[in-house]
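Colleague: Take a look at the following structure, please.
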Amino acid sequence: MHSSFVNVDLVECVLRFLPDFQCLASTILTSKTIYNVFQQHPRSVVRSVAYNLVGPALPQALRFVRCQNAQLYSKSVDELLGEDDIQKNPVLSSEDITSLVAISTAVQELENLFSWRMKDRRFKTSQLSLVESTRFQKAMYRLSLFSAVYGHNAYESNIETDSDEEETDSALEEAKKLRKGFFGSLSTPELRDIQRIETFLRGILARAEGVYFTTIPPATYSPESSFVLYCAPHNVIDVYNGGLDCITEWDPDTTEEIFFHDDFINGPLTSVLVDRNEPPLLPINQKQPIIDEIFGEHDRCSQCQSDTAQGLDLWGPSNWSYLWGNQHLYSIAQLLKGRVGANLADRAHFLTVLRETLAEELVGGLFDYKTPTYITWNKADWLCSQCLEKFIRDHLHIWYLGQKVKRGDLIPSNCWYGYNCRTQTHKLAHAQKLNHWCEPIKGDAPPTNF
Ligand SMILES: [Zn+2]
Ligand SMILES: [Zn+2]
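In the numbering used here, the protein residues as written are -4 to 445.
Structure (structure tokens):
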């Protein structure tokens, strides 16, 4: 590129449209001329790229990043930087940028999950409209800021090793006042968006604890789960990907800090709503905040047509893997019939096969072994959780037998008691001698003379 042919305005325009900082860095390093164009307006180009990366929630994201990096712990909402800080201090430092990239990646991944679970069950990438996405992201950054300023780090920075009970009580009261002040600075619709996100995040945490089939998570959850929201709500994406074990800061022996993360979000938030004469909880069975339109909201189960499970509570090839991420797949083992899950000869191998199989492959694979009762059932059906569980229960053992055949195992003749046999769980020789991954042809009384 010869400088005489370069249209400076055009180059600058292209730079401003780059989607992220990696692209910006590699583009300005391609030629001295482009680098020089960048150097004429570095700050505004960087800000444009930050906007392309984060979107309309950039002011909320930047506020989170700057308050966190400045360690503004346990400050009242007036002492924090505001959402207008991007206007007051428009120059983004390299620390701002590094933090923005990290948090926006996590928030975008959470938006993908939110869309998949709460808007369109067919797609793993966000199908949220711009308006819905902006609501989601603003609420997510505000919630992250709340935890960064009043959560675990604030506790650690305030902690006095020799504080007595009275001092702890007054510190807790003070903390609660600050938290309520924070939510008090937001409008009621903004608080509703945060409530919706809190419920969604709780659903993911409940999934990590083994609760799968529901859009409404249980009201109570373990201290370990509430600790995640207390530290950094955006880390819920790590829990989704790697389970609760990835939260390494968690100390099960934590003593009084538990009072600080108990009801950390909902306590002050509902208290603000009650002061405003608003119902404290999100209404059930009414339109929920953030999402304007849900794909197939009133779809019914392809098999039972039950009206208790609709739309978002239906399961098919595109969302089986939400139910059973790889680290949870072995929980499907609980759906095995009879006692075959405790079969001494195959138990370990069965669990290994499950761990090595993706949810899509496993549940999809069951359809290759369909029994006559299920002749009208298809892989592409949308099923309610009850029908899906019933289908898995009736085919899982047959599927596993198929896996054994595939790997070249010789299948011995069937035990009369099939999966119900008691002996298979305590006599290895018997478990090895006969096949138990089959229907019983005799009652499930324990065989006496095996
Ligand atoms: Zn059904
Ligand atoms: Zn047996």
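Virtual Cβ for every residue (Gly too), placed ideally from N, Cα, C.
What three-state label does DSSP hand residue 271 in the structure shown?
Modeller: In this structure, residue 271 counts as coil in the three-state DSSP scheme.
Colleague: Should residue 425 be counted as a contact of ligand 2 given a C-beta to heavy atom distance under 7 angstroms?
Modeller: Because some heavy atom of ligand 2 lies under 7 angstroms away, the Cβ of residue 425 counts as near it: yes.
Colleague: At what residues does the alpha helix (DSSP H) containing residue 430 begin and finish?
Modeller: Run containing residue 430: none; DSSP gives neither H nor E here.
Colleague: Per DSSP, which residues does residue 305 bridge with? Please list them.
Modeller: According to DSSP, residue 305 bridges with 295.
Colleague: Please work out which residues of its chain come closer than 7 angstroms, Cβ to Cβ, to residue 117, disregarding the five sequence neighbours upstream and downstream, and give them in chain order.
Modeller: Same-chain partners within the cutoff: 290 and 313.
Colleague: Any heavy atom of ligand 2 closer than 7 angstroms to the beta-carbon of residue 418?
Modeller: It does: the Cβ of residue 418 is within 7 angstroms (strictly closer) of some heavy atom of ligand 2.
Colleague: Report yes if the C-beta of residue 381 is less than 7 angstroms from at least one heavy atom of ligand 1; otherwise report no.
Modeller: At least one heavy atom of ligand 1 is nearer than 7 angstroms to the Cβ of residue 381, so yes.
Colleague: Given 7 angstroms as the limit, tell me if residue 410 has its C-beta closer than that to any heavy atom belonging to ligand 1.
Modeller: Residue 410: no, Cβ never under 7 angstroms from ligand 1.
Colleague: Can you give the Cα-Cα distance for residue 381 and residue 372, rounded to whole angstroms?
Modeller: One C-alpha to the other measures close to 14 angstroms.
Colleague: So is residue 436 buried or exposed if we call it buried at 16+ other beta carbons inside 10 Å?
Modeller: Classification of residue 436: exposed, given that the 10 Å Cβ count is below 16.
Colleague: Around the C-beta of residue 366, are 16 or more other C-beta atoms found within 10 angstroms, so that it is buried, or is it exposed?
Modeller: Under this definition residue 366 is an exposed residue.
Colleague: Which of the three DSSP states is assigned to residue 310 in this structure?
Modeller: In the structure shown, residue 310 sits in a strand (DSSP, three-state: E or B).
Colleague: If you run the structure through DSSP and keep just helix, strand and coil, what is residue 409?
Modeller: Three-state result, residue 409: strand.
Colleague: So does residue 378 have its beta carbon nearer than 7 angstroms to some heavy atom of ligand 3?
Modeller: Although ligand 3 was asked about, the structure shown includes only ligand 1 and ligand 2 as ligands.
Colleague: Take residue 251 and list the residues in its own chain whose beta-carbon comes closer than 8 angstroms to its own, dropping the five residues that flank it on each side.
Modeller: Correct list, in chain order: 163.
Colleague: Who are the near neighbours of residue 488 in its chain, counting only those whose CB is closer than 8 angstroms to its CB and skipping five residues on each side?
Modeller: Because residue 488 is not part of the residues shown, which for the chain are -4 to 445, the question remains open.
Colleague: By the three-class DSSP mapping on this structure, what secondary structure does residue 5 have?
Modeller: Correct three-state label for residue 5: helix.
Colleague: If you drop the 5 nearest sequence neighbours on each side, which residues of the same chain put their C-beta closer than 6 angstroms to that of residue 23?
Modeller: For residue 23, where only same-chain residues beyond five positions count, the Cβ hits under 6 angstroms are 29, 30 and 33.
Colleague: Given 7 angstroms as the limit, tell me if residue 329 has its C-beta closer than that to any heavy atom belonging to ligand 1.
Modeller: Checking the Cβ of residue 329 against ligand 1 gives no.
Colleague: Going by other Cβ atoms of all chains shown within 10 Å of its Cβ, with 16 needed for buried, is residue 271 buried or exposed?
Modeller: Exposed is the call here.
Colleague: Assuming residue 218 and residue 253 form a contact by the criterion Cβ under 8 angstroms, report the distance between their Cβ atoms to the nearest whole angstrom.
Modeller: With 8 angstroms as the limit, residue 218 and residue 253 qualify as a contact, their Cβ atoms being about 6 angstroms apart.
Colleague: Ligand 1 and residue 8: does the residue's C-beta get closer than 7 angstroms to at least one heavy atom of that ligand?
Modeller: Every heavy atom of ligand 1 is 7 angstroms or more from the Cβ of residue 8, so no.
Colleague: In the DSSP assignment, find the unbroken alpha helix (DSSP H) run with residue 359 in it and report its ends.
Modeller: Element bounds for residue 359: 354 to 361.
Colleague: Going by alpha carbons, who is nearest to residue 267 out of 315, 258, 180 and 94?
Modeller: Taking only the C-alpha atoms, the option nearest residue 267 is 180.
Colleague: Distance check for residue 136 and residue 255, CA to CA, integer angstroms please.
Modeller: Taking the straight line from one Cα to the other gives about 21 angstroms.
Colleague: What does residue 378 pair with, by DSSP beta-bridge criteria?
Modeller: Answer is 310, bridged to residue 378.
Colleague: Buried or exposed for residue 148, going by 16 or more other Cβ atoms inside 10 Å?
Modeller: Counting Cβ neighbours within 10 Å, residue 148 comes out buried, since at least 16 surround it.
Colleague: Do you know offhand how far residue 145's Cα is from residue 222's?
Modeller: When rounded, the distance between both Cα atoms is 13 angstroms.
Colleague: How many whole angstroms separate the CB atoms of residue 335 and residue 392, which I take to be in contact at a CB cut-off of 8 angstroms?
Modeller: Indeed they touch by this definition, with Cβ atoms about 6 angstroms apart.
Colleague: Going by DSSP, what residue range makes up the alpha helix (DSSP H) through residue 96?
Modeller: Looking at the DSSP string, the run of the alpha helix (DSSP H) that includes residue 96 is 89 to 113.
Colleague: Is the Cβ-Cβ distance between residue 104 and residue 131 less than 8 angstroms?
Modeller: Their beta carbons are not under 8 angstroms apart, which means residue 104 does not touch residue 131 by this criterion.
Colleague: Roughly how many angstroms separate the alpha carbons of residue 5 and residue 36, rounded to a whole number?
Modeller: If you take the alpha carbons of residue 5 and residue 36, they lie about 13 angstroms apart.
Colleague: Given residue 134, which residues of its chain have a CB within under 6 angstroms of its CB, disregarding the five upstream and five downstream residues?
Modeller: Contacts found: 188, 189 and 192.
Colleague: Nearest to residue 124 by CA position, among 89, 319 and 51, is which residue?
Modeller: Considering only alpha carbons, the answer is 51.
Colleague: Go to residue 32, then tell me how far its alpha helix (DSSP H) extends in each direction, as first and last residue.
Modeller: Run containing residue 32: 27 to 35, per the alpha helix (DSSP H) assignment.
Colleague: Excluding sequence positions up to five away, which residues of its chain have a Cβ less than 8 angstroms from the Cβ of residue 94?
Modeller: Here the set comprises 60, 63 and 64.
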